[in-house]
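Visitor: Going by this note's numbering, the first residue of the sequence shown is number 8, and it counts up by one from there.
We treat Cβ as the ideally placed atom computed from N, Cα and C, and that holds for glycine.
Attaching a single structure in structure tokens format; questions to follow.
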Amino acid sequence: MGLTKKQIAEIRDELDNCKRPLYFFHDDPDGLCSFLLFYRYIKEGKGVVVKAHPRIDEKFLRKVEEYQPDKIFIVDIAIVDQEFIDKANVPVIWIDHHEPLERTKVKYYNPRVADPHNNIPASYLCHQVVNQDLWIAMAGCIGDWYMPDFKDEFCEKYPRLLSKKITNPPVALFDTELGKLVRIFAFVLKGRTSEALKCAKILTRIEGPFEILDKETPRGRYIYRYFEKINKEYESLLNFANKEINKQKQKKSRLLVLNYVAAKISFTGDLSNELLYRNPNHIIIIAREKDGDMKCSLRSPKDIDLPDALAKALFGLEGYGGGHEHACGASVNKEDWEQFLANFEEELSKQS
Ligand SMILES: [Mn+2]
């Protein structure tokens, strides 16, 4: 499953023996929750959110010099450069669940080293270590579309947030109060880095989920209001998307294409996931124009092999794309866009 007893004891020992830790975490709910679990256990240190590309390179050494930590914890970050580890000059403890990497001079904990298919969110692993703040661990896991084995315990403690009947992570994510909490964790990270860190700092002190959801305290209210501000933009985008989609559904095609003008905040991932969840039989393309190219994000149900359809549709056109079986990214020259859509539609009909 997750970390072994020995690994848990080792990490706990590292947490117990530091005074000024610096934490690096990924800017999604799993990363934020991993950071919160560790911080709330030690009650010391400083968090650094790693935005966009989850990679720590030499540029981040500046953060180390500024803060002068006695230890560095890295959670839910896929790539850490060897140069960073070498030059940090303090012990580095790295807990992750992405594809394992070979590094030296770092204490690296990733269950996929022993078993490549053992993909368990970082917040689950961090919770194994600290064994507290179940609600935060639960939010982190659901944020990564993972139903943890402590789910029943969570449901008994917080029946209002999640009913025991729900076993499917996307249902928990999109149609429950717990899902709203996950969205709060996701959206407070979306604005400027300074704002994101301010919210993260407040979250280290929040006592429970209802302090935020029911705005029970000034700090809970602050988080909720900040979330609402970001969520308003998302909701209007979702509204626009739903209208477009309802129009397109009359064509009886399984392909839904959404062109949108990029806003300050990028919601592409959140939007495509939610649209696929609400339209489970359709293939979703979200596209925006940038410098003469159509940049897109694609999602599909389980019966479609996206990389295959994408490669065939792009054949002979100016563009590229690829990714996972049911989630891809692509970039297509604007001149070729209509042709690409026609080809893609044809490839999809061959698969359906
Ligand atoms: Mn993660």
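1) For the region 199-211 against the region 116-133, do three or more pairs of beta-carbon atoms, one drawn from each stretch, fall closer than 8 angstroms, so that the two count as touching?
2) Rounded to a whole number of angstroms, what is the C-alpha to C-alpha distance between Ala334 and Asp312?
3) Taking buried to mean at least 16 other C-beta atoms within 10 Å of its own C-beta, is Gly227 buried or exposed?
4) Does DSSP put Val71 in a helix, a strand or coil?
5) Within the continuous beta strand (DSSP E) that includes Pro36, where are the two ends?
6) Given this structure, state the Cα-to-Cα distance separating Glu163 from Pro98, to the nearest angstrom.
7) With respect to 6 angstroms, is the separation between the Cβ of Ala129 and the closest non-hydrogen atom of ligand 1 below this value?
8) Leaving aside the five residues before and after Asp310 along the sequence, list all residues of the same chain whose C-beta is less than 8 angstroms from its C-beta, in chain order.
9) Alpha carbon to alpha carbon, how far is Leu68 from Asp83?
10) Based on the DSSP output, what are the partners of Pro28 in its beta bridges?
11) Quick one: grab the DSSP three-state call for Glu109.
12) Are Tyr241 and Phe192 closer than 7 angstroms when you measure CB to CB?
13) Suppose you measure from the CA of His105 to the CA of His124; what does that come to, to the nearest Å?
14) Using the Cβ count rule (16 or more neighbours within 10 Å means buried), how would you classify Pro118?
15) With a threshold of 6 angstroms (Cβ to nearest heavy atom), would Asp151 be considered close to ligand 1?
16) Can you list the alpha helix (DSSP H) stretches of 4 or more residues lying completely in the region 238-314, in chain order?
17) Leu44 and Ile79 - do their beta-carbons sit closer together than 7 angstroms?
18) Given a cut-off of 7 angstroms, decide if Asp34 and Lys58 are closer than it, judged by their beta-carbon atoms.
19) Measure the alpha-carbon distance for Asp156 versus Pro176 and round it to whole angstroms.
20) Which of the three DSSP states is assigned to Lys203 in this structure?
21) Return the residue from the list Lys239, Lys171, Lys259, Leu278 that minimises the CA-CA distance to Asn249.
22) Taking the alpha-carbon positions, what's the Met145 to Asp343 distance?
23) According to DSSP, is Arg19 part of a helix, a strand, or is it coil?
Guide: Well, looking at it:
1) Judged by Cβ distances under 8 angstroms, the region 199-211 makes no contact with the region 116-133, as fewer than three pairs qualify.
2) The count along the sequence shown starts at 1 and reaches residue 334 at position 327. The count along the sequence shown starts at 1 and reaches residue 312 at position 305. Ala334 and Asp312: Cα-Cα distance of roughly 10 angstroms.
3) Locating residue 227 in the sequence shown gives position 220, where the first residue counts as 1. By the neighbour-count rule (16 or more Cβ atoms within 10 Å), Gly227 is buried.
4) Position 64 of the sequence shown, counted from the first residue, corresponds to residue 71. Residue state, collapsed to three classes: helix.
5) Start at 1 with the first residue of the sequence shown, and residue 36 comes out as number 29. Unbroken run through Pro36 is the alpha helix (DSSP H), 36-49; no beta strand (DSSP E).
6) Numbered from 1 along the sequence shown, position 156 holds the residue referred to as residue 163. Numbered from 1 along the sequence shown, position 91 holds the residue referred to as residue 98. Between Glu163 and Pro98, the alpha-carbon positions lie close to 39 angstroms from each other.
7) As a working mapping, residue 129 is identified with position 122 in the sequence shown. Flag set: Cβ of Ala129 near ligand 1.
8) Residue 310 sits at position 303 when you count from the first residue of the sequence shown. Cβ-Cβ distances below 8 angstroms link Asp310 to Gln358, Ser359 in the same chain, with the five nearest sequence neighbours on each side left out; the list follows chain order.
9) In the sequence shown, residue 68 corresponds to position 61, counting from 1. In the sequence shown, residue 83 corresponds to position 76, counting from 1. Their Cα atoms are separated by approximately 18 angstroms.
10) If you number the sequence shown from 1, residue 28 lands on position 21. Pro28 pairs with Lys78.
11) Counting from one through the sequence shown, the residue named residue 109 turns up at place 102. Note: Glu109 maps to coil in three-state DSSP.
12) Start at 1 with the first residue of the sequence shown, and residue 241 comes out as number 234. Start at 1 with the first residue of the sequence shown, and residue 192 comes out as number 185. With contacts defined by Cβ atoms closer than 7 angstroms, Tyr241 and Phe192 do not form a contacting pair.
13) Within the sequence shown, numbered from 1, the residue matching residue 105 stands at position 98. Within the sequence shown, numbered from 1, the residue matching residue 124 stands at position 117. Across the structure, His105 and His124 are spaced so that their CA atoms are roughly 10 angstroms apart.
14) Stepping through the sequence shown from its first residue, residue 118 is reached at position 111. In the assembly as shown, Pro118 is a buried residue. Its beta-carbon has 16 or more other beta-carbons within 10 Å.
15) By one-based count along the sequence shown, residue 151 stands at place 144. Result yes, Cβ under 6 angstroms from ligand 1.
16) If we require 4 residues or more, the alpha helix (DSSP H) runs fully inside the region 238-314 come out as 275-285.
17) Residue 79 sits at position 72 when you count from the first residue of the sequence shown. Residue 44 sits at position 37 when you count from the first residue of the sequence shown. In this structure, the beta-carbon distance from Ile79 to Leu44 does not fall below 7 angstroms.
18) Here residue 58 is taken as the residue at index 51 of the sequence shown, counted from 1. Here residue 34 is taken as the residue at index 27 of the sequence shown, counted from 1. In this structure, Asp34 lies closer than 7 angstroms to Lys58 by Cβ.
19) What you label residue 156 is simply residue 149 of the sequence shown in a count that begins at 1. What you label residue 176 is simply residue 169 of the sequence shown in a count that begins at 1. Looking at the two C-alpha atoms, the distance is approximately 12 angstroms.
20) Looking up residue 203 in the sequence shown gives position 196. Here residue 203 turns out to be Ala, not Lys, going by the sequence shown. Three-state result, Ala203: helix.
21) Walking along the sequence shown from the start, residue 249 turns up at place 242. Among Lys239, Lys171, Lys259, Leu278, the Cα nearest to that of Asn249 is on Leu278.
22) In the sequence shown, counting from the first residue as 1, residue 145 sits at position 138. In the sequence shown, counting from the first residue as 1, residue 343 sits at position 336. If you take the alpha carbons of Met145 and Asp343, they lie about 44 angstroms apart.
23) Position 12 of the sequence shown, counted from the start, is the residue given in the question as residue 19. DSSP places Arg19 within a helical segment (H, G or I) once states are collapsed to three.
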